[in-house]
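S.K.: From first to last, the protein sequence lines are chains B and P. Going by this note's numbering, the first sequence opens with residue 162, and the numbers climb by one from there. Going by this note's numbering, the second sequence opens with residue 2, and the numbers climb by one from there.
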Amino acid sequence: MKKLCKNGFMLGMALLLVFVLGACTAKPNSSNEKSDGKQVLKLNNGAEPTSFNPPIGFDAQSWNALNNLMEGLTRLGKDHEPHPASAEKWDVSSDGKTYTFHIRKDAKWDNGDDLTAGDFEYAWKQLLNPSTGSPAAFLGYLIEGGEAYNMKKGSADAVQVKAVDDKTLKVTLTAPQSYFLNMISNPAFFPVNQKVAEKNPKWYANAKTFVGNGPFKLASWKHDSNMVFKKSTTYWDKKSVKLDEVDWAMVNDTNTEYQMYKTGDLDSASVPPDLANQLFKEGKVKVDPQAGTYFFSMNVKMKPFDNAKIRKAFALAVDNKQIVDYVVKQKNDPAYGFVSPGFKDPSGEDFRSHNGNLYKYDPSEAKKLLAEGMKEEGYKTLPPITLTYNTTDINKAIAEAVQEMYKKNLGVSVKLANMEWNVYGVDQKKGKFQFSRGSFLADYGDPINFLENFITGMPMNSMQWSNKEYDQLIKQAKNEKDDAKRYALMYQAEKLLIKEMPLFPVYFYNQSELQNSKVKGIVRHPVGYMELKWATKSN
Amino acid sequence: MLRFVLNRFLAMILTLWVIATLTFLLMHAIPGSPFNNLNGKVLSDAAVKNLEAHYHIDQPLPIQYFIYLKSIATFTYGPSIKQPAQTVNDLLGRGFPVSFELGMWALVVAVLTGVLLGIFAALKHNGLIDYLAMTLAVLGISIPNFVLATLLIQEFAVNLHLLPAGTWQGLSYMIMPIIALATGPMAIIARLIRSSMLEVLTQDYIRTAQAKGLPPFIIVMKHALKNALLPVVTVLGTLAASILTGTFVIEKIFAIPGMGKYFVDSINSRDYPVIMGTTMFYSALLILMLFLVDLAYGWLDPRIKQSKEGSK
């Protein structure tokens with residue numbers, strides 16, 4: 162009955178409008194396929210890309226799309242490892258610091274220009290140029306002279322990226338690090354067509370002037386509204402590209418996105434929070450791992466977290482599995498180490514399985530540690546503790562669950578406080594919080610990216626933790642050429658981090674989405690951006 | 002009359018300056034940084050410094066204030082911090098026409114249906130039509146437009162497959178947003194017209210007109226409606242300014258590339274140039290609308306004089 166009333170009301174309203182508009186030619190083009198048998202993939206980018214200028218658009222909404230319009234020297238394969246792309250091969254010097262890349266003879270820009278080593282040199286120096294103001298510039302600090310230039314202490318000429326000739330690029334690193342090859346698959350290291358950019362500094366702002374070198378060409382771009390990618394005819398590996406076209410909508414509302422997915426206007430959609438439970442239960446959600454960790458950070462400069470035993474007690478009292486299963490409910494893996502799974506050491510073993518679970522949920526041990534810690538510090542009662550998080554529904558739910566666990570397992574009442582993200586971020590970086598929620602998403606595919614955040618003085622180190630041994634281990638690892646030794650150092654570092662426990666992990670992130678069953682081959686890397694090169698859509 | 006216009010114009014400039022100054026002070030009083038929301042990444046201090054220098058927000062506040070006043074006077078707000086490839090003028094220049102088109106349709110629909118409903122309700126006072134019209138009006142006021150929007154999508158797009166769920170590509174894409182946006186104002190207008198119509202209809206000059214033997218249609222449309230419109234015109238000024246500059250929720254739900262989102266997003270991301278661009282644009286439009294409302298008063302009801310007495 163209710164439904165009937167609602168329908169009647171809607172129908173009435175609609176008729177009224179039809180009457181007013183006079184002529185109504187309501188013909189929604191919700192037909193799923195274009196009839197000529199072309200493979201057209203319909204995706205949602207969520208919002209207008211921040212920028213298609215490679216060093217600027219440092220976010221998923223720019224780089225998921227850009228990753229398919231351009232290509233760096235390497236490209237992540239289906240195995241999530243870097244493979245030759247614009248560069249057909251490379252030589253590494255015996256000290257592991259100098260890379261000489263040989264760019265493909267048939268690598269071209271989509272305006273027909275030859276892709277040259279100079280385009281890479283130009284782009285990378287732009288990334289590091291302080292006046293570019295690139296938020297991703299720090300990725301280039303591995304290049305000799307890069308950090309100094311970005312900090313205004315050096316010059317562009319001192320940055321060790323040199324186009325030896327049109328097709329040869331020589332790069333010298335500050336340290337022999339094999340993940341450099343992974344790093345340069347990142348859009349921050351995409352080339353920029355120097356000829357085009359010098360003629361038109363805003364070449365990246367519109368479809369007409371945009372020039373790429375990737376599997377797809379930007380055919381049209383209606384700002385804030387939609388983009389159309391067409392298969393590139395100049396891409397060196399165009400025979401691998403199966404899709405004819407990718408249509409990107411920019412729908413920012415997850416419910417509308419879901420409804421468009423239901424009507425066939427989208428082939429893939431994110432999971433609307435209100436329906437997440439049901440959709441996950443029904444097994445309709447596709448889940449891919451993502452390199453990143455949700456954690457809580459304890460400020461070692463503030464009482465009572467200056468005591469290691471108390472920190473440990475607070476970590477051991479939280480049941481990560483319960484949080485994942487009953488609070489988050491998105492098939493995440495509970496974390497008992499900081500580095501997420503997916504990084505293989507030279508012997509082929511996964512970093513996470515090698516180091517294993519570095520602690521476990523143990524309420525009775527937690528209680529014991531708390532008592533010992535309080536005795537060491539001479540507390541009769543604990544100083545007041547406030548757990549601060551940035552305001553989102555999921556953070557709130559997790560914080561409340563944690564609060565409940567402390568009450569039950571430790572008999573401690575923790576106060577909760579929340580803040581809007583921008584304010585939170587600034588205060589957290591300044592180390593103003595006693596106990597706070599943190600998150601980390603990897604920028605490049607190596608465990609060092611996780612671990613380097615906690616050396617003394619890093620912006621992520623909101624726990625103000627400083628440990629000489631840890632700093633030393635990370636420094637050594639960053640200068641170690643032999644990967645087996647490098648991994649050994651990182652294994653040791655992670656163990657130390659969890660033993661000292663300035664933070665405790667809760668779960669590893671994942672990527673979840675709904676996807677049309679006709680669509681195959683979209684690759685979502687744990688670290689990296691969406692890959693459509695091998696995607697197909699059957700009619 | 003000219004004097005009135007001139008005076009009002011000067012007052013407008015002064016008002017805008019006050020709004021500009023308050024906006025500037027308020028937006029710099031919000032804690033937080035525009036460079037924090039970059040995908041949840043924590044930037045190093047060096048990167049933040051480079052970015053601040055790039056957008057001139059490392060300058061002392063008084064200097065920023067003058068740069069800001071200059072940009073307002075010359076209509077050049079510079080690039081958005083959030084979307085550096087676009088200037089604020091680009092953003093407003095492409096967002097406003099869309100919001101305007103949608104808003105204009107919604108206003109037309111709201112005024113026409115609202116006025117008609119109101120008239121019928123007043124004429125059939127306490128009759129079935131009155132109750133039906135007022136039920137509709139109460140529903141229209143009490144159902145928030147985002148609820149209505151979601152219900153419409155569920156019904157007409159997902160269940161019946163009659164209309165597209167979202168995005169902005171033509172007439173069929175406009176129908177649901179227009180209904181969602183027009184319903185609330187329509188209800189308000191219907192109620193206003195009904196009550197003022199009821200009052201006007203009992204007045205002497207209407208009785209005179211009836212006595213003269215004028216047909217009821219002419220009495221209502223020519224004599225009564227003109228006076229009954231006054232309260233509607235009053236609300237229409239502010240209503241038009243807010244509807245024409247886009248609504249955050251409706252544009253978000255239907256994925257319409259209008260300018261509504263910039264009002265909210267710019268503040269969330271501390272995108273200073275966009276905050277001032279949207280605020281100044283909205284204020285100017287609102288002030289203009291209020292001015293037009295004042296002019297309309299004089300036309301609708303010659304008893305309201307805004308010329309000489311006001312300015313002397």
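Glycine included, C-beta positions come from ideal geometry on N, C-alpha and C.
1. Closest to Asp-266 of chain P by C-alpha separation, out of P:Ile-82, P:Arg-304, P:Leu-230, would be which residue?
2. Just the Cα atoms here: how many angstroms apart are Val-389 of chain B and Val-584 of chain B?
3. Could you tell me how far apart the beta carbons of Leu-202 of chain B and Gly-373 of chain B are, in whole angstroms, since I believe they sit closer than 8 Å?
4. Give me the subset of the stretch 402 to 433 of chain B whose CB atoms are less than 7 Å from a CB atom of chain P, sorted by chain position.
5. Just reading off the beta strand (DSSP E) that Pro-362 of chain B is part of, what are its end residues?
6. Leaving out five residues on either side along the sequence, give the residues of the same chain with a beta carbon under 6 Å from the beta carbon of Ser-197 of chain P.
7. Between the beta-carbon of Ser-386 of chain B and the beta-carbon of Trp-169 of chain P, is there less than 8 Å?
8. Taking only the alpha-carbon atoms, compute the straight-line gap between Ser-254 of chain B and Arg-685 of chain B and give it to the nearest angstrom.
9. Name the chain B residues whose beta carbon is nearer than 7 Å to that of Gln-84 of chain P?
10. Which whole-angstrom value is the C-beta distance of Pro-319 of chain B and Gly-306 of chain B, which I expect to be below 8 Å?
11. Under 7 Å Cβ-Cβ, which residues of chain B neighbour Thr-151 of chain P?
12. Please confirm if Thr-168 of chain P has its CB atom under 8 Å from at least one CB of chain B.
13. Give the secondary structure of Gln-625 of chain B by DSSP, where H, G and I count as helix, E and B as strand, and everything else as coil.
14. Tell me, please, whether the CB atom of His-686 of chain B is closer than 8 Å to any CB atom in chain P?
15. Short check: CB of Glu-655 of chain B to CB of Val-500 of chain B, under 8 Å?
16. Going by the beta-carbon positions, is the gap between Glu-406 of chain B and Lys-199 of chain B smaller than 8 Å?
17. State yes or no: is the beta carbon of Pro-666 of chain B nearer than 8 Å to at least one beta carbon in chain P?
18. Is there a Cβ of chain P sitting closer than 8 Å to that of Met-312 of chain B, yes or no?
19. Can you tell me the Cα-Cα spacing of Arg-472 of chain B and Asn-493 of chain B, whole angstroms?
20. Measure the C-alpha to C-alpha separation of Leu-571 of chain B and Ala-527 of chain B and round it to an integer number of angstroms.
21. Measuring only between beta-carbons, confirm whether Leu-108 of chain P sits less than 8 Å from chain B.
22. Spell out a yes or no on whether the stretch 657 to 677 of chain B and the stretch 466 to 483 of chain B are touching, meaning 3 or more CB-CB pairs, one atom from each, closer than 8 Å.
23. Could you check which residue in P:Gln-60, P:Thr-75, P:Gln-84 has the C-alpha nearest to that of Phe-219 of chain B?
24. Could you work out which residue in B:Asp-643, B:Ala-221, B:Val-688, B:Arg-236 is closest to Lys-695 of chain B when comparing CA atoms only?
25. Could you work out which residue in B:Glu-630, B:Asp-643, B:Tyr-605, B:Gly-238 is closest to Ser-508 of chain B when comparing CA atoms only?
26. Taking C-alpha atoms, which residue in B:Gln-676, B:Asp-326, B:Asn-518, B:Glu-561 lies nearest to Lys-704 of chain B?
27. Which of the three DSSP states is assigned to His-29 of chain P in this structure?
28. Does any CB atom of chain B fall closer than 8 Å to the CB of Ile-194 of chain P?
29. From which residue to which residue does the alpha helix (DSSP H) around His-55 of chain P run?
30. Any beta-carbon of chain P closer than 8 Å to the one on Lys-301 of chain B?
31. Within a Cβ cutoff of 8 Å, which residues of the same chain sit near Lys-505 of chain B, ignoring the five residues on either side of it in sequence?
32. Looking at the secondary structure, which residues open and close the alpha helix (DSSP H) in which Lys-323 of chain B lies?
33. Is there at least one Cβ from chain B nearer than 8 Å to Pro-232 of chain P's Cβ?
34. On a Cα-Cα basis, can you pick out the residue from B:Lys-258, B:Lys-470, B:Trp-382, B:Asn-481 that is closest to Phe-669 of chain B?
35. Determine, using beta carbons only, whether Tyr-185 of chain P and Ile-142 of chain P come nearer to each other than 8 Å.
36. Can you confirm whether the stretch 144 to 161 of chain P touches the stretch 189 to 208 of chain P when touching is taken to mean that 3 or more C-beta pairs between the two stretches lie within less than 8 Å?
M.R.: Reading it off the structure:
1. P:Ile-82
2. 37 Å
3. Incorrect: roughly 18 Å between the Cβ atoms, too far for contact.
4. Ala-410, Met-411, Val-412, Asn-413, Asp-414, Asn-416, Thr-417, Gln-420, Met-421, Lys-423, Thr-424, Asp-426
5. From DSSP, Pro-362 of chain B is part of no beta strand (DSSP E); its letter is neither H nor E.
6. Ala-229, Pro-232
7. yes
8. 32 Å
9. Glu-209, Thr-211, Ser-212
10. According to the sequence shown, residue 319 of chain B is Ala rather than Pro. Between Gly-306 of chain B and Ala-319 of chain B the Cβ distance is about 4 Å, and since that is below 8 Å, they are a contact.
11. Asn-416
12. yes
13. coil
14. no
15. yes
16. yes
17. no
18. yes
19. 24 Å
20. 7 Å
21. no
22. yes
23. P:Gln-84
24. First, the residue type needs correcting, since residue 695 of chain B is Trp and not Lys in the sequence shown. Per the Cα distances, B:Arg-236.
25. B:Asp-643
26. This structure gives no information on residue 704 of chain B, because the portion of chain B shown stretches from 162 to 700.
27. helix
28. no
29. 46 to 55
30. Residue 301 of chain B is actually Gly in this sequence, not Lys. By this cut-off, Gly-301 of chain B is not an interface position.
31. Asp-511, Phe-512
32. Taken as a continuous stretch (DSSP letters only), Lys-323 of chain B belongs to no alpha helix (DSSP H), being part of the beta strand (DSSP E) at 322 to 326.
33. no
34. B:Asn-481
35. It is worth fixing the name first, because residue 185 of chain P is Gly in this sequence and not Tyr. The answer is yes: Cβ separation under 8 Å.
36. no
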